[in-house]
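Take a look at the structure set out below.
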Amino acid sequence: MTSLYAASQYSEDLDEFVAAGAVQSRDLRAVAALLHVASAASDVDRLAWVAFALVLGTPRSGHTCVDFLNISLWKPENINETLVRWPADHEEWIAAVRKCEELVCSPENRSDLPRRPFVLSGTRLYAARSFDEEVRVAAYLRQAIDAGRIEIITGGPGSGKTTYIADKIIEHVSNRSGSDTIALAAPTGLAAKRMARALRAAVRTGINDGKISPEMEKIVDGLPKVTIHKLLKFNPVARVQWRFNKHDTMPYDYVIIDEVSMMPLSMMARVLEAMKKDARLMLVGDPYQLASVEAGTVLADIVEASSRGTGFVTVKTGSYRFLPGSPVADISTHIKLGIFEAAREALKLHHTDPEVKGPFSWVDPVTNDKALQVVARIVAEHARKLCVDAAKATSDQDYRELIKFRDSLQVVCAHRRGNLGVSGWNSAVERQLGALAHGQWYLGRPVMVTKNDSASGLANGDIGVVCKDSKGSRVVVFGDAEEVRLIPISSVPHVETVHALTIHKSQGSEFAHTIVVLPKGKSRILTRELLYTGITRAKPRLTLIATETALEFAITTKVQRATGLADLL
C-alpha cells in the first residue's frame, strides 16, 4: 500500500517552477495526491501539473479560476524561460489539461462522469467547488433580476446609499410585515457596526427634515445589524455548521447586505442558497473599493455584467460627504477612471503646504523631506494630545470627546513594514512620545482589535483608546461620539497599536484628516482600488504621501482577478 508521503511526491523537475515563484510546493503535492487517487497516467504534462497547482492556489490569490487566455497574469516577473517554459498560447495549456481526463471534465459532460476535482469551462480552469459556486450565484441573480426580487445599489462614499437603505427599511416596516421579517448584514463585524451608525444618522436626518416619523428611529435602531456568519447562524463545532442553508432557509422576507465589495464568492453563494423563496434582496456597495481578501470580485463582476447588457444596477451619484469640486471628490474621480495625467493635474491644482492646514497636501517623500517631517510632527502632536487627554478622562463625556479626537486624524499605509509602512509610523510616533508611551498599556495608546470576540462583543477592526476608569484601573474605551464602552484590559482580545493602520483595515471608516502613505516606488500591492479606498477615507482633509512613480503605478494598475461570473450573468 502506497504511503501518503509517497503519494504526494512530484517530479524534481517541477521544483524549477517552485524556485521561479510560479507555484507552491504544497499545491504540487496536492496535485500528486489527486493524481494518485485517480490512478492517473504517470506521463502527465508538466504544464498540466502547473495549471492544477495554480488552481489550488487561487483561494490565496483572490482568483476563482485560472484563465488561460490571460495566462501571463500568473507568470512570475523574473522567470528564467530557459529552465521554465511558460507558453503564451492558451491553447497549449488547454491541450495539456484536457489530456488528464482523470482529473478534468467540462460543464457539458459533468453529469456523465464520476466527480472530477477540476472543471474546464472555455478557457477557464476551476476547482469544482468554485465552479459550482459561481454557477449557483449567477443562476440565482439572473432569476432574481428577471423576477424583480433584487436591487443592486452602488455608489461612492457619501453618495446616498445609506439614506436609500433607510428609506427602503421604513417602507418595508410600514407597508409589509413589520421589522421581524427584515435582516441587515455586512461581511465583517466592524462593517455591521458602521452600517448601524450610518443608518442611525440617516434616520435622524430624515426626522429633522420632516421626511421620517420620529417613532421610526427606535424601530430602525432596534433592527439587528450582524455579520454574514451570524445571519446564517454559523457554528464551527456543530454537525451542521451553517444553521441556515439550502435545506433550511432564512425566515426573512427582506435581506439587505452592505459593503458587498468585501464579500467573497463563497460567502455570496451561501447567502443566496439560504434565501427564502420569493424573499427580496438588496446588495449595496462601492465596486471601486478594495475587493474581498478571499476569492472573487462579486460586486465588480455584477457591475461589469450590468454595463454590458440592459443595466440592472442602480448607481447613486450624490456627493454628501465631499462638496462638489472638493479635492477628494476631484482626485478620486480621476483615480477611479485610471487617468493618471488628469489625476496628477488635480493633485497639483489642489495642493497646499501641509503647514497651512488646507484641505489637501501632496508630499513627495523623496524630494521633499522637509514637508514629510512637518506631517510627521503633526501626527506626533496628535498622538501626544491623545495621551494627555486620556490621562485626564474620567467621565463618559470625556471618553466620547477622546474618541472623537482620535478619529480626527489617522495615518493609513499601503504596506505594513518599512519606514513608510504601519510599523515604521507606529515606531516613530512612540519614539516621539518618549515616557508617555512607557509600558504596553500606556494611556492614550490607540488599539485595533484583530479578531472577533463574542465574549466582549468586540469585532475585528474595532478601534479604542487606553484610558483609566473611575477607580484608576486601565481600560480600553471603544465606541463613538455618541456611545462608549469600557473594557478592562484583561478582557480585551488581541490588539495592535494603530497610530497608523493599513488601508485594508481602514475600509469603511472615515477620518477628519486622513494621511495616505504609499511606498516610494512600484509595489505589487499598489492598485487603483487601494489608492481610491485610502483617499476616500478623508472627511474632508487629505494628505497624500507618495512619489509620482508610486502614484502612476497605483492609478494605472487595476486589480486583476480571474473570474467567470460577469460572463455567466
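Going from the sequence shown to the numbering used here is simple: count from 1 and add 5.
Where is the CB? At the ideal position from N, CA and C, for every residue including glycine.
Distance between residue j and residue i (C-alpha atoms, nearest Å)
| i | j | result |
| --- | --- | --- |
| I170 | S312 | 23 Å |
| L39 | F57 | 10 Å |
| I408 | Q29 | 44 Å |
| G301 | V265 | 11 Å |
| Q565 | L535 | 13 Å |
| P119 | P241 | 30 Å |
| T232 | A53 | 39 Å |
| A203 | T167 | 7 Å |
| K230 | S164 | 21 Å |
| V60 | G569 | 14 Å |
| H41 | D48 | 12 Å |
| A442 | H504 | 12 Å |
| A555 | L352 | 14 Å |
| L236 | A464 | 15 Å |
| L574 | E553 | 38 Å |
| R368 | V521 | Going by the sequence as given, residue 368 is Val instead of Arg. About 10 Å. |
| V452 | V497 | 10 Å |
| V427 | L391 | 19 Å |
| S548 | T254 | At residue 548 the sequence reads Thr, which differs from the Ser that was named. Near 47 Å, if we compare the C-alpha coordinates of T254 and T548. |
| N180 | T186 | 12 Å |
| P545 | A433 | 25 Å |
Option nearest residue i by Cα separation, candidates the options
| i | options | result |
| --- | --- | --- |
| V178 | E220, G314 and D572 | E220 |
| A440 | F239, R389 and H420 | R389 |
| V260 | A433, L228, N424 and V242 | L228 |
| K397 | L556, P256 and K476 | K476 |
| A543 | S511, K563, L574 and A567 | S511 |
| I262 | I212, K281, I307 and A197 | A197 |
| G462 | H518, K527, G194 and I508 | G194 |
| S459 | F22, V434, F239 and A143 | F239 |
| V303 | V276, T315 and R285 | V276 |
| V89 | V23, G62 and A152 | V23 |
| A429 | S116, T507 and H355 | Residue 429 is actually Gly in this sequence, not Ala. That would be T507, whose Cα lies nearest to the Cα of G429. |
| P122 | G160, I217, A35 and R411 | A35 |
| K104 | T87, E86, I84 and L125 | L125 |
Own chain residues within Cβ distance below 6 Å of residue i, not counting five before or after
| i | result |
| --- | --- |
| D73 | Correcting the residue identity first, residue 73 is Phe in this sequence and not Asp. Answer for F73: H95, W98, I99 and T128, listed in chain order. |
| A27 | P81 |
| M267 | P192 and S297 |
| F317 | I150 and S311 |
| D50 | A101 |
| S612 | The question about residue 612 has no answer here: the residues shown for the chain are numbered 6 through 574. |
| P269 | S297, E299, A300 and G301 |
| L414 | H387 and H518 |
| M287 | E156 and I261 |
| K321 | G160, S164, G165 and K166 |
Cβ neighbours of residue i in the same chain (closer than 8 Å, five flanking residues each side left out)
| i | result |
| --- | --- |
| H499 | V454, T455 and K456 |
| I76 | W91, P92, A93, H95 and W98 |
| V480 | V471, C472, K473, D474, L491, I492, P493 and I494 |
| S44 | E107 |
| E501 | V452, M453 and T455 |
Neighbour-count burial assignment, residue i, 16 or more Cβ in a 10 Å radius
| i | result |
| --- | --- |
| D576 | Because the chain in this structure spans residues 6 to 574, residue 576 falls outside the shown range and cannot be described. |
| V523 | Reading the sequence as shown, one finds Leu at residue 523 and not Val. Burial call: buried. |
| D291 | buried |
| R450 | buried |
| R529 | exposed |
| G215 | exposed |
| R65 | exposed |
| M6 | Residue placement at M6 cannot be trusted, given a pLDDT of 45 that sits under 50; what the coordinates show is reported in the next sentence. Classification of M6: exposed, given that the 10 Å Cβ count is below 16. |
| S271 | buried |
| W446 | exposed |
| D394 | buried |
| N213 | exposed |
| Q148 | exposed |
| L448 | buried |
| H420 | buried |
| A152 | exposed |
| V245 | exposed |
Residues near residue i in its chain [Cβ-Cβ closer than 7 Å; skip 5 each side]
| i | result |
| --- | --- |
| I560 | I340, G343, F345, A348, R533 and L536 |
| D401 | V489 |
| G363 | T357 |
| A207 | T167, T168 and A171 |
| G332 | Residue 332 is actually Pro in this sequence, not Gly. Here the set comprises H355, P364, F365 and L547. |
Short CB-CB distance (under 8 Å) between residue i and chain D
| i | result |
| --- | --- |
| E557 | Absent from the structure is chain D; it holds one protein chain and no more. |
Original post:
Which residue spans inside the stretch 194–274 form an unbroken alpha helix (DSSP H) run of at least 4?
Top reply: 194–213, 220–227 and 233–236
**OP:** Scan the stretch 109–189 and note each continuous beta strand (DSSP E) run of 3 residues or more that stays entirely inside, going in chain order.
**Re:** 123–126, 129–132 and 155–159
**OP:** Kindly provide the ranges of any beta strand (DSSP E) runs that are 3 or more residues long and lie completely inside the stretch 285–355, ordered along the chain.
**Re:** 285–290 and 318–320
Original post:
Which ranges does the alpha helix (DSSP H) cover as unbroken runs of at least 4 residues, wholly within the stretch 372–428, from first to last along the chain?
Top reply: 374–397 and 401–411
Subject >> Length-filtered (3 minimum) beta strand (DSSP E) runs lying within the stretch 425–501 >> reply: 451–454, 468–473, 479–484 and 489–493
Original post:
In chain order, which beta strand (DSSP E) runs of at least 3 residues are fully inside the stretch 511–556?
Top reply: 516–522 and 543–550
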